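Take any residue in the sequence shown, count from 1 to its spot, add 16: that is its number in our numbering. Note sheet for the following structure.
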Amino acid sequence: MRIFSGIQPTGTKHLGNYVGAIRQYVEGQDRGDPAIYCIVDLHAVTVPYEPAQLRERVLDTTATLIAAGLDPERCVLFRQGDVTEHAELSWLLTSVTAVGELNRMHQFRDKSAAQRELVSAGLLFYPVLQAADVLLYRADEVPVGEDQREHLELMRDVARRFNARFGEDILVVPEHRIPTVGARIMDLQEPTRKMSTTGGSVEGTVYVLDEPKAIEKKVRRAVTDAEDPFTIRRDPKGKPGVTNLIDLTAVARGVSPDEVIASLEGARGYGDLKLAAAEAITTMLAPVRERYAELRADEAGLEAILEAGAERARALARPVLADVREAMGVGARAR
Ligand code: AQP
C-alpha cells in the first residue's frame, strides 16, 4: 500500500490540518510502503507570498510534522521543490485535463474571488500539480480532509483519462482516505465554515502551536447555539458549533462522539462541553508544541532530513516519469 499526501508550508498549521491530515500521516507511516509526505512549496507560490519567508515556512512545517510524530526513518518526508519531476509530470498531465473542470473547482472559485491583484494561472492549475504529486508515486491512498474530496476526484479522472489515452496501468488511480470523525473541522467563531489558514477568523482558529491558555480562551468563546433547554447532541446542520466541539473532543480523546456525549450526561450547560473540549485539545497538542521548539532550532538538521527525503523521493519518481514520457512519445526514446 503506497501512501502519499502533501501539505502547504503556509504559516502555522491549525487544528483542522492536524486532525484532517497530520494525524492520518502519523498513523499511515507504518502502513505505507512507503508513506510519502511532501511539503508543497510549489503550490504555495500560486497566491501572493514573500519569497524570503517561504523557506522559513517550509522548515516550520517540517518541524511541526516531526513534532507531531512523523519519523523520517519510517516515511519519506521531503520538499516538493527539490524533486523537479513533480513540475514536469504536472505539465504532461495538462494534456489530459479539461480546463472546464479546473474552472469548476470550489477552491479555485473561492481563492480566485479573494485575489485583489492577480488571479494566477497557477491557482487554476493547482489541482493538476496536486494530481502529479500523487500519480508520480503510483500512490494507492491519499490521506486528506473533506475539503480535498473534489480535487481527489479530478485526480482520479486525470489518471483514468491518461491510461485510456496512453496505455492501461501506467498510472494508478488513487483512493482518498478521509477521517470518519473530524473530516471537516469548523471555525470556532463561524461553525458553518471550515477552519482555514486564509479564510477564517483568528479567534475561531486553534493553531497546533498555540499555548494552552490561548486554546482555552478560543474554545471558551466558541459559538454554540441558543437552544432552550440546551442539548448536547450531534446535528451538523442545526447545531454546527456544538457538533464541532463534540467531534473535536472525540478526536482528541480518541473515542467516539457518542462516548463524549455520554460522558457529558450531567452537564449544566455548553460551558461543560467547552471545558471538556479545551482540556482534550490542550492535552493532545501540548507535546507537539513542546517538541517543536527544539526541532525548529536545528535548521541544518531539518534541511538534512528534507534532502535525504528528496533523494528517496527522486528514486521512486524517476521510473514512473520515464514510463509516462515513453508512453507519450516525449523526449528521446528510452534505451
Ligand atoms: N478544517 C479542516 N478540517 C479537516 N481537514 C482540513 N484540512 C484543511 N482544513 C481542514 C486538511 O489539511 C491538509 C493540508 O491542507 P493544505 O495543504 O491546503 O494547507 P493549508 O493551506 O494550511 O490548509 P487550509 O486551511 O485548507 O488553507 P485554506 O483554507 O487557506 O485553503 C489537507 O489534507 C486538508 O484537507
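Every residue, glycine too, gets a C-beta built ideally from N, C-alpha and C. Since the structure is predicted, the reported quantities are computational estimates derived from the model, not experimental observations.
Other residues of its chain near G97: CB distance less than 6 Å, five sequence neighbours each side excluded:
In the sequence shown, the residue the question calls residue 97 occupies position 81. Listed in chain order, the non-local C-beta contacts of G97 below 6 Å within the same chain comprise D57 and L58, local neighbours out to five positions each way being set aside.
Just curious, the beta strand (DSSP E) that R269 is in, first and last residue?
Translated into the one-based positions of the sequence shown, residue 269 becomes position 253. For R269, no beta strand (DSSP E) segment is defined; the enclosing uninterrupted segment is the alpha helix (DSSP H) at P256 to R269.
Please tell me whether, using a cut-off of 6 Å, the distance from the CB of A148 to the nearest non-hydrogen atom of ligand 1 is below it.
As a working mapping, residue 148 is identified with position 132 in the sequence shown. It does not: the Cβ of A148 is nowhere closer than 6 Å to a heavy atom of ligand 1.
Which ranges would you report for the alpha helix (DSSP H) in the region 131-178 if only whole runs of at least 4 residues count?
Here the runs fully enclosed are 137-151.
Among residues of its own chain, excluding the 5 on either side of L337, which ones have a beta-carbon nearer than 7 Å to its beta-carbon?
As a working note, residue 337 is residue 321 in the sequence shown. Residues of the same chain with a CB within less than 7 Å of the CB of L337, apart from the 5 flanking positions on each side, are E101, E104, L105 and L152 in chain order.
If you measure between the beta carbons of L75 and L289, is that distance less than 7 Å?
As a position in the sequence shown, residue 75 is number 59, starting the count at 1. As a position in the sequence shown, residue 289 is number 273, starting the count at 1. No, these two residues do not count as a Cβ contact at 7 Å.
At a cut-off of 6 Å, is K210 close to ligand 1 when judged by its beta-carbon and the heavy atoms of the ligand?
If you number the sequence shown from 1, residue 210 lands on position 194. At least one heavy atom of ligand 1 sits closer than 6 Å to the Cβ of K210.
Along the chain, where does the alpha helix (DSSP H) that runs through S212 open and close?
Here residue 212 corresponds to residue number 196 of the sequence shown, with the count starting at 1. No alpha helix (DSSP H) holds S212; DSSP gives it neither H nor E.
Nearest-angstrom Cα separation, counted from A266 out to V224
Position 208 of the sequence shown, counted from the first residue, corresponds to residue 224. Position 250 of the sequence shown, counted from the first residue, corresponds to residue 266. The C-alpha of A266 is placed about 17 Å away from the C-alpha of V224.
From G215, L204, A348 and F124, pick the residue whose C-alpha is nearest to that of D263; which is it?
Counting from one through the sequence shown, the residue named residue 263 turns up at place 247. Comparing Cα-Cα distances from D263 to each of G215, L204, A348 and F124, the minimum goes to L204.
Hey, out of A292, D156, R73 and N179, whose CA is closest to I248's CA?
One-based indexing of the sequence shown puts residue 248 at position 232. The shortest C-alpha separation from I248 is found at A292.
Contacting residues, own chain, Cβ-Cβ under 6 Å from Q146 (five flanking each side not counted)
Numbered from 1 along the sequence shown, position 130 holds the residue referred to as residue 146. H167.
Say yes only if the C-beta of R330 is nearer than 6 Å to one or more non-hydrogen atoms of ligand 1, and no if none qualify.
The residue given as residue 330 occupies position 314 in the sequence shown. R330 Cβ: outside cutoff for every heavy atom of ligand 1.
Please return the same chain residues whose Cβ sits closer than 8 Å to the Cβ of D226, not counting the five positions on each side in sequence.
To locate residue 226, count along the sequence shown from 1; it is residue 210. Excluding residues within five positions, the ones whose Cβ falls inside 8 Å are K234, L301 and R305.
Within 10 Å of its beta-carbon, does P245 have 16 or more other beta-carbons around it, so buried, or fewer, so exposed?
Taking the first residue of the sequence shown as position 1, residue 245 is located at position 229. P245 should be labelled exposed.
Between the Cα of T208 and those of A37, L261 and A180, spot the shortest distance and give me the residue it belongs to.
In the sequence shown, counting from the first residue as 1, residue 208 sits at position 192. Of the listed residues, the one whose Cα sits closest to T208 is L261.
Exposed unless 16 or more other CB atoms sit within 10 angstroms - verdict on Q164:
Within the sequence shown, the letter at position 148 stands for residue 164. Buried.
Measure the alpha-carbon distance for V258 versus I231 and round it to whole angstroms.
In the sequence shown, the residue the question calls residue 258 occupies position 242. In the sequence shown, the residue the question calls residue 231 occupies position 215. Rounded to whole angstroms, V258 to I231 spans 17 Å at the Cα level.
Hey, could you find the ends of the alpha helix (DSSP H) H30 is sitting in?
In the sequence shown, residue 30 corresponds to position 14, counting from 1. Element bounds for H30: n/a, residue is neither H nor E.
V160: CB within 6 Å of a non-hydrogen atom of ligand 2:
Questions concerning ligand 2 fall outside what the structure shown contains, since the ligands it does hold are ligand 1.
For R177, which residues of its own chain have a beta-carbon under 6 Å away from its beta-carbon, when the five flanking residues on both sides are left out?
One-based indexing of the sequence shown puts residue 177 at position 161. So the list reads V112, once near-sequence residues are dropped.
For Y223, which beta-bridge partners are listed by DSSP?
Taking the sequence shown and counting its residues from 1, the one referred to as residue 223 is at position 207. Looking at the DSSP assignment, Y223 forms a beta bridge with H30.
Please name the residue, chosen from P88, M17 and I297, that lies closest to E327 on a Cα-to-Cα basis.
Sequence index remark: in the sequence shown, residue 327 carries index 311 (1-based). The shortest Cα separation from E327 among P88, M17 and I297 belongs to P88.
Would you kindly work out how many angstroms separate the C-alpha atoms of V160 and V42, rounded to a whole number?
Along the sequence shown, read from residue 1 onward, the residue named residue 160 stands at position 144. Along the sequence shown, read from residue 1 onward, the residue named residue 42 stands at position 26. Spanning the alpha carbons of V160 and V42 requires a straight line of approximately 13 Å.
Shorter than 6 Å, the distance from the beta carbon of Q24 to the closest heavy atom of ligand 1, or not?
Here residue 24 corresponds to residue number 8 of the sequence shown, with the count starting at 1. In this structure, ligand 1 has a non-hydrogen atom nearer than 6 Å to the beta-carbon of Q24.
On the criterion of 16 or more Cβ atoms from any shown chain inside 10 Å, does A155 qualify as buried, or is it exposed?
For the purposes of this step, residue 155 is taken as residue 139 along the sequence shown, with counting starting at 1. Around the CB of A155, 16 or more other CB atoms lie within 10 Å, so the residue is classed as buried.
Just to confirm before moving on: does the CB-CB distance between R95 and I52 stay below 7 Å?
Taking the first residue of the sequence shown as position 1, residue 95 is located at position 79. Taking the first residue of the sequence shown as position 1, residue 52 is located at position 36. Taking 7 Å as the cut-off, the Cβ atoms of R95 and I52 do not count as close.
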